[in-house]
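Enquirer: Under full-length UniProt numbering, the first residue of the sequence shown is numbered 1, with each subsequent residue one higher.
Where is the CB? At the ideal position from N, CA and C, for every residue including glycine.
The model shown is predicted, which means the values in this text are computed figures rather than measured ones.
For reference, the structure I am asking about is given below.
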Amino acid sequence: MQNNIILVGLMGAGKSTIGRHLARRLNLTFYDSDKVVEERTGVSIPTIFAVEGEAGFREREEQVIAELTALPNTLIATGGGSVLRDINREHIKAGGTVIYLRASAEQLFQRIRHDKTRPLMQTANPMQTLRDLLKAREPLYMEVADLIMPTGKQKVNVILRDIHAKL
Ligand code: S3P
């Protein structure tokens, strides 16, 4: 799907916000894989994690990633852990131009520290959790990325302009 765009990166990197704006600019249909999972189940992600565990969520996520990456003219904001499964990475790579929205653990933490909607952040030391997730996942984001965009300090408009210039 050549003109599709897929955003990957950790929680708080700005995938949903940037994705929505970029989709409008490029006239693509915007999908957020987390939102699609929630719409299909009729419950929130924390509820899915509570009832089915992370494994249950990953099954649902895999199904949604497979379907969304097969659609034409789309911009997909993926959940931060979608790169964990080999099959998802294959679908993401084949699905279009992949942009890794990259920020440091400290920058991500500033954005999501008050957010209660991310079950993986409900730990005794969320900052350390983010560092660990970033360390484990950075190679996977790099593996699928066609383009790497820093999103730590920049304003949304600047990021959008930079992405647009590089596409
Ligand atoms: C997750 C990230 C979340 C959501 C779920 C698990 C992760 O998406 O899919 O809470 O494993 O990093 P966002 O990256 O959109 O927050």
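Hey, would you say the C-beta of residue 185 is under 7 Å away from at least one heavy atom of ligand 1?
Expert: With the chain covering only 1 through 167, there is no way to say anything about residue 185.
Enquirer: Would you tell me roughly how many angstroms separate the C-alpha atoms of Pro46 and Glu67, rounded to the nearest one?
Expert: Residue numbering aside, residue 46 sits at position 46 when the sequence shown is read from its first letter. Residue numbering aside, residue 67 sits at position 67 when the sequence shown is read from its first letter. Approximately 22 Å between the Cα atoms of the pair.
Enquirer: For the alpha helix (DSSP H) containing Val64, list its first residue and its last residue.
Expert: Looking up residue 64 in the sequence shown gives position 64. Where Val64 is concerned, the enclosing alpha helix (DSSP H) stretches over 45-68.
Enquirer: Is the distance from the Cβ of Leu7 to the Cβ of Ile76 below 8 Å?
Expert: Residue numbering aside, residue 7 sits at position 7 when the sequence shown is read from its first letter. Residue numbering aside, residue 76 sits at position 76 when the sequence shown is read from its first letter. Closer than 8 Å, so yes.
Enquirer: Name the DSSP beta bridge partners of Ile5, please?
Expert: Your numbering for residue 5 matches position 5 in the sequence shown. Ile5 is bridged to Leu75, Thr97.
Enquirer: Does the beta-carbon of Leu167 have 16 or more other beta-carbons within 10 angstroms, so that it is buried, or is it exposed?
Expert: The residue you call residue 167 lines up with position 167 of the sequence shown. Classification of Leu167: exposed, given that the 10 Å Cβ count is below 16.
Enquirer: DSSP on Arg131, reduced to helix/strand/coil?
Expert: Here residue 131 is taken as the residue at index 131 of the sequence shown, counted from 1. If DSSP states are grouped into helix, strand and coil, Arg131 belongs with the helices.
Enquirer: Which residue from Val144, Glu38, Ala70, Arg131 puts its Cα closest to that of Ala103?
Expert: Here the question's residue 103 lines up with position 103 in the sequence shown. Per the Cα distances, Arg131.
Enquirer: Run the proximity test for Lys15: is its beta-carbon closer than 7 Å to any non-hydrogen atom belonging to ligand 1?
Expert: Against the sequence shown, residue 15 aligns to sequence position 15. Yes, the beta carbon of Lys15 sits closer than 7 Å to at least one heavy atom of ligand 1.
Enquirer: State yes or no: is the C-beta of Val144 within less than 8 Å of the C-beta of Arg60?
Expert: Stepping through the sequence shown from its first residue, residue 144 is reached at position 144. Stepping through the sequence shown from its first residue, residue 60 is reached at position 60. No.
Enquirer: Cα separation between Ile148 and Ile48?
Expert: Working through the sequence shown from its first residue, we reach residue 148 at position 148. Working through the sequence shown from its first residue, we reach residue 48 at position 48. For Ile148 and Ile48, the distance between alpha carbons rounds to 31 Å.
Enquirer: Would you mind sorting Val64 into buried or exposed? The rule is 16 or more other CB atoms within 10 Å of its CB.
Expert: Indexing the sequence shown from 1 puts residue 64 at position 64. It is buried - the Cβ of Val64 has at least 16 other Cβ atoms within 10 Å.
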